[in-house]
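Everything below concerns the one structure shown next.
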């Protein structure tokens, strides 16, 4: 069985090296909350919009711009 292998008692016996089994019950609990939120489309839409709005500081555009300026020392090319 899978659980026996994760525990190191049977199968490949590699045990749960990263201890993911310890967190599995909280993962399942969280996934149930996500499923419930997703079924409420109005709530899900609101949560999605707020999440997107709150993540603007971490945008890939900003990150690439900072790498270009601060690490690669290259200048932006203006397109006609």
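In this note's numbering, the protein residues as written are 1064 to 1143.
Using N, Cα and C, we set each Cβ at its ideal position, and we do this for glycine too.
Practice task
Work out the CA separation of residue 1112 and residue 1140 for me, nearest whole Å.
Solution key: 32 Å
Exercise for the section: To the nearest angstrom, report how far apart residue 1136 and residue 1129 are at their CA atoms. Expected result: 9 Å
Exercise for the section: Indicate whether residue 1109 and residue 1100 have their beta-carbon atoms separated by less than 7 Å. Expected result: no
Exercise for the section: Determine the DSSP secondary structure at residue 1088, reduced to helix, strand or coil. Expected result: helix
Problem - For residue 1103, three-class secondary structure by DSSP - result: coil
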